[in-house]
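Student:
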Amino acid sequence: MTFVVAALVLVGALCVFDLLLTFAVLRRLREHTAELERLAGRPSFTPYDPGVLVGRALPESVAAHAPEPELVAFFDAQCDTCHEHAPRFAARARGRTALAVVSGEGRRAAELAAHVADDAVVLRDDVAADVVGAVGIEAFPTFLAVGPDGVVVRAHTDLAVLGEPAQAV
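Residues 75 to 243 in my numbering are what the sequence shown lists, from first letter to last.
1. Determine the direct distance from the alpha carbon of residue 105 to that of residue 97, and round the result to whole angstroms.
2. Alpha carbon to alpha carbon, how far is residue 135 from residue 111?
3. Quick one: measure Cβ to Cβ for residue 190 and residue 217, integer angstroms, because I've assumed they're closer than 8 Å.
4. Looking only at its own chain, which residues have a Cβ that is under 8 Å from the Cβ of residue 208, when we skip the five neighbours before and after it?
5. Please report the straight-line C-alpha distance between residue 219 and residue 230, rounded to a whole angstrom.
6. Looking at the unbroken alpha helix (DSSP H) that takes in residue 155, where does it start and where does it end?
7. If you draw a straight line from the alpha carbon of residue 148 to that of residue 107, how long is it in whole angstroms?
8. Hey, could you find the ends of the alpha helix (DSSP H) residue 236 is sitting in?
9. Under 9 Å, do residue 206 and residue 173 count as touching if we go by C-beta distance?
10. List the endpoints of the continuous beta strand (DSSP E) containing residue 140.
11. Please tell me whether residue 79 has its Cβ less than 9 Å away from any Cβ of chain B.
12. Measure the C-alpha to C-alpha separation of residue 236 and residue 201 and round it to an integer number of angstroms.
13. Let me check understanding here. Comparing Cα to Cα, which of 175, 102, 75 and 170 lies closest to residue 160?
Here it is as C-alpha cells:
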C-alpha cells in the first residue's frame, strides 16, 4: 500500500511540475506574439542601396591599382548574375579606363576574371577583398561610374540601369 501512495504522490508532483512548465511556455509565447505584432510592418532586413556610394571618393587602394578609373565593377565568383553581367561590362569597359574587382577563388573566379581581363584591370584574391571592404560593397554585382576627380557619380547593381558613361577622349 505504501508503494501505491508513493507512486501516486510522485505522479501528482510530476503533473504539477508539467503544469508549471506549460504556464511558463504560454507566457513566453504571449511575449513573443506581442513582440512580433509590434514589429509587424518593419522590413526584416535593410535592402542594399548602392546609391549611398554616390558622392564618395574612391579609396587610395583603388587608385593604386587603376589610376582614374571611369568604370568600376565588383563581382563575386559564386554570383550567377555577376557571370551574366561580365561580358556586358567588358563591352562597356572597352576603350575606357575600367577596373573589375573579382572576389572569390577557384575556377569560377578565373572564368569571371577572364571575361573582363582584356578590357579592364582585374583585382583578385586578398587585394579584391581589401578593395571591397574599403569601398563598402554589400551586394554583387555592383557597378560604379566614376568622375575624373575620382568621385562616384552613379552606382547601381544593374549595369543597364547605371547608364552609359561619357566616352573617353
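Think of the CB as a built atom: it goes at the ideal place given N, C-alpha and C, for glycine as much as any other residue.
Tutor: Looking at the atomic coordinates:
1. The alpha-carbon atoms of residue 97 and residue 105 are separated by roughly 13 Å.
2. Computed Cα separation, rounded: 46 Å.
3. Rounded, the Cβ-Cβ distance is 12 Å, inconsistent with contact.
4. Answer for residue 208: 133, 135 and 136, listed in chain order.
5. Rounded to the nearest whole angstrom, the C-alpha separation of residue 219 and residue 230 is 9 Å.
6. Note, residue 155: alpha helix (DSSP H), 154 to 167.
7. Going from the Cα of residue 148 to the Cα of residue 107 covers about 41 Å.
8. Element bounds for residue 236: 233 to 236.
9. Not a contact, by the Cβ cut-off of 9 Å.
10. Per DSSP, residue 140 is not a residue of any beta strand (DSSP E), being assigned neither H nor E.
11. In the structure shown, chain B does not exist; there is a single protein chain.
12. In this model, residue 236 and residue 201 are separated by some 25 Å (Cα to Cα).
13. Nearest option by C-alpha distance: 175.
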